[in-house]
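**Student:** Okay, so the sequence shown: first residue is 11 according to the numbering used here, each after it adds one.
Where is the CB? At the ideal position from N, CA and C, for every residue including glycine.
Just so it is clear, the structure is predicted and the values come from calculations on it, not from any experiment.
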Amino acid sequence: MSRKVFALLSLSLFCAGANAQQYEIPYTEWGAPDLQGVWKHATVMPFERSEELGEKSTYTEEEVLALERRVQQRFDQGNEPLDPNRPAPEVAESLPPIGNYDLFWRDDAQFLPTINGEFRTSAIIEPADGRMPEVKPEARERMLAARGGRRGRTNDGPEGRSLGERCLVAFGNLSGPVMSPIIYNSHLQFVQSPGYVTIVAEMVHDARIIKIANERNTAAAAQRKWMGDSIGRWEGDTLVVETRHFNTWHSLRGLPVDNVTITETFRRESDYKMVYGFRVNDPTVFADEFYGEYPLSRIDEPIYEYACHEGNYGMFGILQGARRLEVMAELDSGGESAQ
């Protein structure tokens, strides 16, 4: 099947799903809407809208086909075999964004699913320009102070590397705050029991345990869990989750999360689609709150353990390399050869 035919088929299926009449949501044996299953969190829709689109919130079908075709062509080009006789790259030549990962390892989205029958130009839909509100300058200064004045990553110790590199949480915010798709392993498994909903992220080992309750544990502010303290409630067939008290080593797109409140919604639109909504409110960081939605697509496949710590040789290599460079610098400063 050609890419064009596949894209047209994908488009027609998504549109047909959007026009389905009165979808009947399944329920668990204890009477809660059933969200269980494995859901793929992948779309070519960006988190923020491109500035040149302004307040254009949706694409036409023709625009979507053109967008998907460009994405697929880029994938096809990237998947072309390399010339084994090619010369070595120049020293100054930069590697791709993920170093030497090729398409064998990646699972990027190639299509744009609909939400309520619309092809969205961005996940954020409020404010109208589809972009995060203005960030207060003191918020960035606070983040810098929390990192001891350190900008970016360092190799002084494991604490200087990212949380994902340290196998503490999924990188790229797959598990939050604000669950966002990443280049691979963007799968979320929903598991329910009476009084709880658990969301297990494929990346690393994250498991958000959402308690269905009216009150929050009084110790939550002191505990500050990695993915925050989540309290849920059912509003009709929609799960509404309010999360606060994130671990302060975490961040929301590089911004502090110590005062943020994220209100999420989960509602099934069909057997194979769930709409995930998020509202971000932090007056100490943003000039206003913002709201967005992502489509999640159900798949009939299991997810497997992501054994990050067991195979995290990269961390050892980074730190050992840094120590070797320090030794070489000391030898050079003493006028001796580093060889």
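What whole-angstrom Cβ distance do R141 and E58 have, given they're in contact under 8 angstroms?
**Tutor:** For the purposes of this step, residue 141 is taken as residue 131 along the sequence shown, with counting starting at 1. For the purposes of this step, residue 58 is taken as residue 48 along the sequence shown, with counting starting at 1. Going by Cβ atoms, the distance from R141 to E58 rounds to 5 angstroms, so yes, they are a contact pair.
**Student:** Helix, strand or coil for Q199 per DSSP?
**Tutor:** The count along the sequence shown starts at 1 and reaches residue 199 at position 189. Looking at Q199 - three-state DSSP - the assignment turns out to be strand.
**Student:** Go ahead and label S203 buried or exposed: buried means 16 or more other beta carbons lie within 10 angstroms of its beta carbon, across all protein chains shown.
**Tutor:** Walking along the sequence shown from the start, residue 203 turns up at place 193. S203 comes out exposed.
**Student:** Can you say whether V290 is buried or exposed, counting buried as having 16 or more other CB atoms within 10 angstroms of its CB?
**Tutor:** To locate residue 290, count along the sequence shown from 1; it is residue 280. Counting Cβ neighbours within 10 Å, V290 comes out buried, since at least 16 surround it.
**Student:** Could you tell me the distance, in whole angstroms, from the CA atom of D239 to the CA atom of I272?
**Tutor:** Taking the first residue of the sequence shown as 1, we reach residue 239 at position 229. Taking the first residue of the sequence shown as 1, we reach residue 272 at position 262. Spanning the two alpha carbons is a distance of roughly 10 angstroms.
**Student:** I need the straight-line Cα distance from S196 to E71, nearest angstrom please.
**Tutor:** Here residue 196 is taken as the residue at index 186 of the sequence shown, counted from 1. Here residue 71 is taken as the residue at index 61 of the sequence shown, counted from 1. Distance between the alpha carbons of S196 and E71 is about 26 angstroms.
**Student:** Helix, strand or coil for L306? Go by DSSP, reduced to three states.
**Tutor:** Taking the first residue of the sequence shown as 1, we reach residue 306 at position 296. It is a strand residue.
**Student:** What residues are listed by DSSP as bridge partners for A284?
**Tutor:** On the sequence shown, residue 284 is found 274 positions in, with the first residue counted as 1. A small fix is needed here, since residue 284 is Met in this sequence, not Ala. Per DSSP, R278 and L306.
**Student:** Taking the alpha-carbon positions, what's the N165 to I35 distance?
**Tutor:** Residue mapping note: residue 165 aligns to position 155 of the sequence shown, counting from 1. Residue mapping note: residue 35 aligns to position 25 of the sequence shown, counting from 1. Spanning the two alpha carbons is a distance of roughly 50 angstroms.
**Student:** Please state whether DSSP places N126 in a helix, a strand or coil.
**Tutor:** Along the sequence shown, one-based indexing puts residue 126 at 116. Note: N126 maps to coil in three-state DSSP.
**Student:** Helix, strand or coil for G242, going by three-state DSSP, please let me know.
**Tutor:** Along the sequence shown, one-based indexing puts residue 242 at 232. Note: G242 maps to strand in three-state DSSP.
**Student:** Within 10 angstroms of its Cβ, does N89 collect 16 or more other Cβ (buried), or is it exposed?
**Tutor:** The count along the sequence shown starts at 1 and reaches residue 89 at position 79. N89 should be labelled exposed.
**Student:** From D86 to K283, what does the alpha carbon distance come to, in whole angstroms?
**Tutor:** Position 76 of the sequence shown, counting from 1, holds the residue named residue 86. Position 273 of the sequence shown, counting from 1, holds the residue named residue 283. Distance between the alpha carbons of D86 and K283: 27 angstroms.
**Student:** Quick check on G186: does DSSP put it in helix, strand or coil?
**Tutor:** By one-based count along the sequence shown, residue 186 stands at place 176. Three-state result, G186: coil.
**Student:** Could you check the C-alpha separation between G242 and G287 for me, to the nearest Å?
**Tutor:** Taking the sequence shown and counting its residues from 1, the one referred to as residue 242 is at position 232. Taking the sequence shown and counting its residues from 1, the one referred to as residue 287 is at position 277. Going from the Cα of G242 to the Cα of G287 covers about 14 angstroms.
**Student:** Taking all protein chains shown into account, do 16 or more other C-beta atoms lie within 10 angstroms of the C-beta of K14, making it buried, or fewer, making it exposed?
**Tutor:** Within the sequence shown, the letter at position 4 stands for residue 14. Because K14 carries a pLDDT of 44, less than 50, the predicted location of this residue cannot be relied on, and the following value inherits that uncertainty. It is exposed - the Cβ of K14 has fewer than 16 other Cβ atoms within 10 Å.
**Student:** Spatial neighbours of A339 within its chain, please: CB distance less than 7 angstroms, with the 5 preceding and 5 following residues excluded, ordered by chain position.
**Tutor:** In the sequence shown, the residue the question calls residue 339 occupies position 329. Contacts found: none.
**Student:** Given a threshold of 16 other Cβ atoms within 10 Å of its Cβ, counted over all protein chains shown, does W40 qualify as buried or as exposed?
**Tutor:** As a working note, residue 40 is residue 30 in the sequence shown. Its Cβ having fewer than 16 others within 10 Å, W40 is exposed.
**Student:** Just the Cα atoms here: how many angstroms apart are E212 and I313?
**Tutor:** Walking along the sequence shown from the start, residue 212 turns up at place 202. Walking along the sequence shown from the start, residue 313 turns up at place 303. Computed Cα separation, rounded: 7 angstroms.
**Student:** Short check: CB of H51 to CB of L173, under 8 angstroms?
**Tutor:** Here residue 51 refers to the residue found at position 41 when the sequence shown is read from its first residue. Here residue 173 refers to the residue found at position 163 when the sequence shown is read from its first residue. Cβ distance not < 8 angstroms, so H51 and L173 don't count as in contact.
**Student:** Taking R130 as the reference, which of E320, V74 and I220 has the closest Cα?
**Tutor:** As a working note, residue 130 is residue 120 in the sequence shown. Checking every option, the nearest Cα to that of R130 belongs to V74.
**Student:** What are the boundary residues of the alpha helix (DSSP H) that includes Y323?
**Tutor:** Translated into positions along the sequence shown, residue 323 becomes position 313. From DSSP, the alpha helix (DSSP H) with Y323 extends over Y323 to S343.
**Student:** Does the region 53 to 68 touch the region 120 to 135, meaning 3 or more C-beta pairs lie closer than 8 angstroms?
**Tutor:** With the cut-off at 8 angstroms, the region 120 to 135 and the region 53 to 68 touch.
**Student:** Give the range of the alpha helix (DSSP H) segment to which G88 is assigned.
**Tutor:** Here residue 88 refers to the residue found at position 78 of the sequence shown. Counting along the chain, the alpha helix (DSSP H) containing G88 begins and ends at E71 to G88.
**Student:** Could you spell out where the alpha helix (DSSP H) holding A317 opens and where it closes?
**Tutor:** As a working note, residue 317 is residue 307 in the sequence shown. Where A317 is concerned, there is no enclosing alpha helix (DSSP H), given that its DSSP letter is neither H nor E.
**Student:** How far does the alpha helix (DSSP H) with A231 in it extend, from its first residue to its last?
**Tutor:** In the sequence shown, the residue the question calls residue 231 occupies position 221. Taken as a continuous stretch (DSSP letters only), the alpha helix (DSSP H) holding A231 covers A230 to Q233.
**Student:** In three-state DSSP terms, what is L249?
**Tutor:** Translated into the one-based positions of the sequence shown, residue 249 becomes position 239. Strand.
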